[in-house]
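**Student:** For the sequence shown, position 177 (counting from the first letter as 1) is numbered 177 according to full-length UniProt numbering, and the numbering increases by one without interruption.
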Amino acid sequence: MSTKDKKSSQLFSRKLIVPALKDSFVKLHPGKLIQNPIIFIVGLGAVLTTGIVVANLFAGHFSSFDFQITVWLWFTVLFANFSEAIAEGRGKAQAETLKKSRTQTKARRMKGDKEEVVWATELTRGDLVVCETGDLIPADGDVIEGIASVDESAITGESAPVIRESGGDRCAVTGGTKVLSDKIIIKVTSEPGDTFLDRMIALVEGAKRKKTPNEIALNNLLLGLTAIFLIAVITLPSLFNYNLTGQQSTLSLTILVALLVCLIPTTIGGLLSAIGISGMDRLLQKNVIATSGKAVEAAGDVDVLMLDKTGTITLGNRMATDFVPADGVSREELADAAQLSSLADETPEGRSIVVLAKEKFHLRERHIHENDITFVPFTAQSRMSGVDIRLSNGKVRSIRKGATDAIRKFVQNNNGFFPQNVTDKVVELSGQGATPLVVADGDRVLGVIHLKDIVKGGIKHRFAQLRAMGIKTVMVTGDNPLTAAAIAAEAGVDDFIAEAKPEDKLSRIRQEQANGHLVGMIGDGTNDAPALAQADIGIAMNSGTQAAREAGNMVDLDSNPTKLIEVVETGKQLLMTRGSLTTFSIANDVSKYFAIIPAIAAGLYAGANGQGVLSALNIMHLATPQSAILSAVIFNALIIVLLIPLALKGVKYRPLSSNRILAKNLLVYGLGGLVVPFIGIKLIDIFLQWTHCV
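Here it is, written out as structure tokens:
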């Protein structure tokens with residue numbers, strides 16, 4: 001997403017708050033409220049106490065206590081609804097960017113050798129469409145002919161154009177993007193209303209969000225705790241109906257309802273949905289769209305990552321790192337010839353040779369007239385490139401760089417010989433997994449250019465962090481075993497698969513899953529589709545084929561292979577957030593139980609002095625039973641609001657082991673959840689006494 005779009009989805013902006021407040025009231029509908037059983041019970045309690053207040057009014061009696069309890073119960077329900085509504089609102093704000101690209105477009109559909117102009121909505125799967133410079137691509141499809149530069153900023157927020165071409169793994173195009181140059185023929189791969197963009201918008205807006213298995217399990221646990229507290233509250237009246245003085249000390253229905261709401265896990269019940277929605281939203285901020293909340297959760301549980309070497313672990317292009325001269329040749333002479341032979345070489349390898357010569361030997365200005373130099377481009381037949389320079393004496397200086405056997409043949413044709421020490425160096429570099437290019441000047445071999453895949457900066461540290469979290473990394477590459485082993489050692493991965501074929505990837509994933517592991521991988525080609533479908537987390541590149549996008553359960557709009565690591569971190573942050581707030585909520589309930597029950601039971605089994613045996617447990621010295629209950633209800637409502645930012649942003653992620661995360665949760669959120677209610681309820685109790693609200 002662009003910076004502007006991200007700003008629009010900041011927490012608590014006016015653009016988000018107003019619709020969220022309206023949705024909070026819409027969600028009071030019983031059909032919507034029952035989807036959150038805990039808050040539904042609070043809603044039933046609010047309805048019951050409202051009925052009591054109304055009945056008392058008709059009877060000519062008004063209870064300020066009952067009225068305040070009722071108001072705060074409704075606030076509790078509304079605050080829980082608000083947390084979910086604002087989480088959904090952030091997703092809807094993100095979806096607006098996607099919607100902007102879904103315009104009513106005309107398409108040039110091919111019928112035999114002719115073209116006909118139709119609306120994009122009339123296109124069906126299998127139709128062939130022609131797009132040229134300036135055209136909006138009318139539907140999802142694969143390029144089957146041609147190559148073009150495409151502006152995908154409408155969906156990725158990135159202004160840099162991308163290349164889409166036929167016959168490769170970068171053939172997929174998305175409806176709503178724009179062709180900037182050339183001409184392509186697209187085969188439509190989606191039906192109207194079911195395009196990639198349509199499905200992504202529905203997912204982002206939460207229209208198809210389903211509760212994940214972990215979320216359902218946690219809901220069941222919370223309902224179990226609710227049932228236990230319900231039984232405990234139901235038994236209280238029988239205990240309060242008798243004391244040693246023979247006086248009746250009954251609990252009103254309003255107090256029982258309020259007590260139940262305070263003791264059941266309303267905090268996590270009110271935030272649970274928002275946590276799940278915000279997890280998908282945080283992924284979307286990284287330009288990754290998850291097709292389900294289950295996928296985000298699974299990312300947090302992944303313990304094996306399969307990463308493609310090229311573009312993920314390495315920069316994706318071989319780079320020049322050294323000049324190794326032959327006997328009798330200086331390094332500067334070799335660098336000079338290598339740079340001359342690469343001046344017209346626009347490949348990343350060629351540019352890296354020019355840069356290395358500049359950096360090491362300050363070779364910058366070339367005083368050669370353009371009429372005196374002829375560039376020789378690389379071809380698959382010659383397997384070398386270079387320059388021919390016409391000298392002042394009329395002779396031609398031929399400089400070439402290329403594969404060892406090609407340069408050997410070139411030198412021998414010029415009546416030269418190939419030195420043994422150069423041959424030895426070529427064998428040594430090849431054994432290290434590098435790529436040697438030999439440079440020759442006519443009949444002389446000048447030396448070797450050392451090319452290698454450059455491992456991305458910081459990637460070894462990232463893998464060390466993953467290892468500390470108990471995640472095993474497996475590099476997948478088509479390189480030979482020697483090259484693969486060298487790069488794997490430099491990058492710090494735990495294992496590698498060399499000369500990997502599609503069936504090898506699939507077999508390895510199944511093997512890891514059979515051993516009880518959850519596997520994540522990334523891919524963009526049709527040959528990656530089986531492995532993406534088999535993996536627990538399959539991230540498909542948006543630039544990849546339609547088959548890959550449909551096989552995965554996540555799509556990276558930026559087509560950046562390193563996103564797999566960020567996805568895992570986001571998934572773990574989701575699980576950490578849910579675990580932390582669940583710990584805090586349950587600890588809250590324990591504290592509220594020991595804060596409220598002694599206060600309202602201080603007069604239970606009272607003696608002649610009016611003090612009961614339980615009064616000693618009223619360590620907070622809350623003023624009255626009514627004050628204790630009202631303070632707890634107010635705290636119960638306000639804590640949901642205070643925790644909404646944490647639920648949406650997530651707890652701060654740190655790459656720690658499960659044991660350390662658990663220990664931190666218990667220390668920070670467990671202990672904090674025990675202490676905070678005592679402080680909060682006491683402060684509210686003091687305020688209520690000061691304002692004479694009770």
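Here a beta-carbon is modelled for each residue, glycine too, at the ideal position from N, C-alpha and C.
1. Among Leu305, Leu271, Asn415, whose alpha-carbon lies nearest the alpha-carbon of leucine 648?
2. Who are the near neighbours of alanine 232 in its chain, counting only those whose CB is closer than 8 Å to its CB and skipping five residues on each side?
3. Under three-state DSSP, which class holds aspartate 528?
4. Using the Cα positions of leucine 638 and glycine 680, report the straight-line distance between them to the nearest angstrom.
5. Identify the continuous beta strand (DSSP E) that holds phenylalanine 496 and give its terminal residues.
6. In the DSSP output, what is serine 149 paired with across the bridge?
7. Keeping to the same chain, check which residues put their C-beta closer than 7 Å to that of lysine 360; ignore five residues upstream and five downstream.
8. Whose C-beta lies closer than 8 Å to the C-beta of glutamate 145 among residues of the same chain, with five residues either side of it excluded?
9. How do the region 63-78 and the region 27-46 stand: do at least 3 beta-carbon pairs fall below 8 Å, yes or no?
10. Would you grab the beta carbon distance between isoleucine 537 and alanine 326 for me? Rounded to a whole angstrom, and I think it's under 8 Å.
11. If you reduce the DSSP assignment to three classes, tell me which class arginine 14 lands in.
12. For lysine 187, name the three-state secondary structure that DSSP assigns.
13. Could you tell me whether the region 374-388 touches the region 399-409, using the rule of 3 or more Cβ pairs below 8 Å?
14. Terminal residues of the continuous beta strand (DSSP E) containing methionine 521?
15. Where does leucine 667 land, buried or exposed, given buried means 16+ other C-beta within 10 angstroms?
16. Near isoleucine 52, which residues of its chain fall below 7 Å by C-beta distance, leaving aside the five closest residues on each side in sequence?
17. Can at least three beta-carbon pairs, one atom from the region 591-600 and one from the region 268-288, be found at a separation below 8 Å?
18. Anyone know if the C-beta pair for leucine 518 and aspartate 303 falls short of 7 Å?
19. Which first and last residues belong to the beta strand (DSSP E) in which isoleucine 537 is found?
20. Could you tell me which of Ser292, Ile313, Thr347, Gly293 sits nearest to methionine 319, measuring between CA atoms?
21. Assuming glutamate 297 is part of the alpha helix (DSSP H), what are its boundary residues?
22. Following the continuous alpha helix (DSSP H) through isoleucine 640, name the residue where it begins and the one where it ends.
23. Using the C-alpha atoms, what's the distance from isoleucine 684 back to glycine 279?
24. Report yes or no: do the region 557-566 and the region 337-357 share at least 3 C-beta pairs separated by less than 8 Å?
25. Got a sec, what are the start and stop residues for the beta strand (DSSP E) proline 436 sits in?
26. Measure the beta-carbon distance from alanine 172 to methionine 554 and round it to whole angstroms, keeping in mind my assumption that it falls under 8 Å.
27. Which runs of the beta strand (DSSP E) at least 3 residues long sit entirely within the region 311-390? Give them in chain order.
28. Do you know offhand how far lysine 472's Cα is from valine 493's?
29. Classify tyrosine 669 as buried or exposed, calling it buried when 16 or more other Cβ atoms lie within 10 Å of its own Cβ.
30. For the alpha helix (DSSP H) containing glutamate 132, list its first residue and its last residue.
31. Given a cut-off of 7 Å, decide if leucine 642 and alanine 587 are closer than it, judged by their beta-carbon atoms.
32. Taking only the alpha-carbon atoms, compute the straight-line gap between aspartate 589 and lysine 664 and give it to the nearest angstrom.
33. What's the C-alpha gap between leucine 78 and histidine 29?
34. Check phenylalanine 678 in the structure and name its three-state DSSP category.
35. If the criterion is Cβ atoms closer than 7 Å, does the pair alanine 486 and glutamine 546 meet it?
36. Just to confirm, are alanine 120 and alanine 139 a CB contact at a threshold of 7 Å?
**Tutor:** Working from what's here:
1. Here the question's residue 648 lines up with position 648 in the sequence shown. With distances taken between Cα atoms, leucine 648 lies closest to Leu271.
2. For the purposes of this step, residue 232 is identified with residue 232 of the sequence shown, where counting begins at 1. Once the five neighbours on either side are set aside, the close Cβ partners of alanine 232 are Leu263.
3. Reading the sequence shown from its first residue, position 528 is the one you call residue 528. Helix.
4. If you number the sequence shown from 1, residue 638 lands on position 638. If you number the sequence shown from 1, residue 680 lands on position 680. If you take the alpha carbons of leucine 638 and glycine 680, they lie about 10 Å apart.
5. Locating residue 496 in the sequence shown gives position 496, where the first residue counts as 1. Segment 495-497, the beta strand (DSSP E) holding phenylalanine 496.
6. Within the sequence shown, the letter at position 149 stands for residue 149. Answer by DSSP bridge pairing, in chain order: Ile163, Ser181.
7. By one-based count along the sequence shown, residue 360 stands at place 360. Closer than 7 Å at the Cβ level, and outside the excluded window around lysine 360, lie Ala335.
8. As a position in the sequence shown, residue 145 is number 145, starting the count at 1. Contacts found: Ser166, Ile184, Ile185.
9. yes
10. Your numbering for residue 537 matches position 537 in the sequence shown. Your numbering for residue 326 matches position 326 in the sequence shown. That pair is no contact at about 50 Å.
11. Translated into positions along the sequence shown, residue 14 becomes position 14. Helix at arginine 14.
12. As a first step, residue 187 must be located in the sequence shown, where it is residue number 187. Note: lysine 187 maps to strand in three-state DSSP.
13. yes
14. For the purposes of this step, residue 521 is taken as residue 521 along the sequence shown, with counting starting at 1. That run of the beta strand (DSSP E) goes 519-523.
15. For this step, residue 667 is matched to residue 667 along the sequence shown. Its Cβ having fewer than 16 others within 10 Å, leucine 667 is exposed.
16. The residue given as residue 52 occupies position 52 in the sequence shown. Excluding residues within five positions, the ones whose Cβ falls inside 7 Å are Asp66, Leu253, Thr254.
17. no
18. Here residue 518 is taken as the residue at index 518 of the sequence shown, counted from 1. Here residue 303 is taken as the residue at index 303 of the sequence shown, counted from 1. Cβ atoms of leucine 518 and aspartate 303: closer than 7 Å.
19. On the sequence shown, residue 537 is found 537 positions in, with the first residue counted as 1. Start and end: 537-541.
20. As a working note, residue 319 is residue 319 in the sequence shown. The shortest C-alpha separation from methionine 319 is found at Thr347.
21. Taking the first residue of the sequence shown as position 1, residue 297 is located at position 297. Its alpha helix (DSSP H) spans residues 293-301.
22. Mapped onto the sequence shown, residue 640 falls at position 640. Counting along the chain, the alpha helix (DSSP H) containing isoleucine 640 begins and ends at 625-649.
23. Taking the sequence shown and counting its residues from 1, one reaches residue 279 at position 279. Taking the sequence shown and counting its residues from 1, one reaches residue 684 at position 684. Between glycine 279 and isoleucine 684, the C-alpha separation is close to 33 Å.
24. no
25. To locate residue 436, count along the sequence shown from 1; it is residue 436. That run of the beta strand (DSSP E) goes 435-441.
26. Taking the first residue of the sequence shown as 1, we reach residue 172 at position 172. Taking the first residue of the sequence shown as 1, we reach residue 554 at position 554. No, alanine 172 and methionine 554 are not in contact; Cβ-Cβ is about 15 Å, not under 8 Å.
27. 314-325, 373-376, 384-390
28. Start at 1 with the first residue of the sequence shown, and residue 472 comes out as number 472. Start at 1 with the first residue of the sequence shown, and residue 493 comes out as number 493. So the two alpha carbons sit approximately 8 Å from each other.
29. The residue given as residue 669 occupies position 669 in the sequence shown. So tyrosine 669 ends up on the buried side.
30. Position 132 of the sequence shown holds residue 132. Run containing glutamate 132: none in the alpha helix (DSSP H); it sits in the beta strand (DSSP E), 128-132.
31. Working through the sequence shown from its first residue, we reach residue 587 at position 587. Working through the sequence shown from its first residue, we reach residue 642 at position 642. In this structure, leucine 642 does not lie closer than 7 Å to alanine 587 by Cβ.
32. Numbered from 1 along the sequence shown, position 589 holds the residue referred to as residue 589. Numbered from 1 along the sequence shown, position 664 holds the residue referred to as residue 664. Cα-Cα distance, rounded: 20 Å.
33. The residue given as residue 78 occupies position 78 in the sequence shown. The residue given as residue 29 occupies position 29 in the sequence shown. In a straight line, the C-alpha of leucine 78 is about 12 Å away from that of histidine 29.
34. Start at 1 with the first residue of the sequence shown, and residue 678 comes out as number 678. Note: phenylalanine 678 maps to helix in three-state DSSP.
35. For this step, residue 486 is matched to residue 486 along the sequence shown. For this step, residue 546 is matched to residue 546 along the sequence shown. Contact flag unset, no.
36. To locate residue 120, count along the sequence shown from 1; it is residue 120. To locate residue 139, count along the sequence shown from 1; it is residue 139. For alanine 120 and alanine 139, yes; Cβs fall inside 7 Å.
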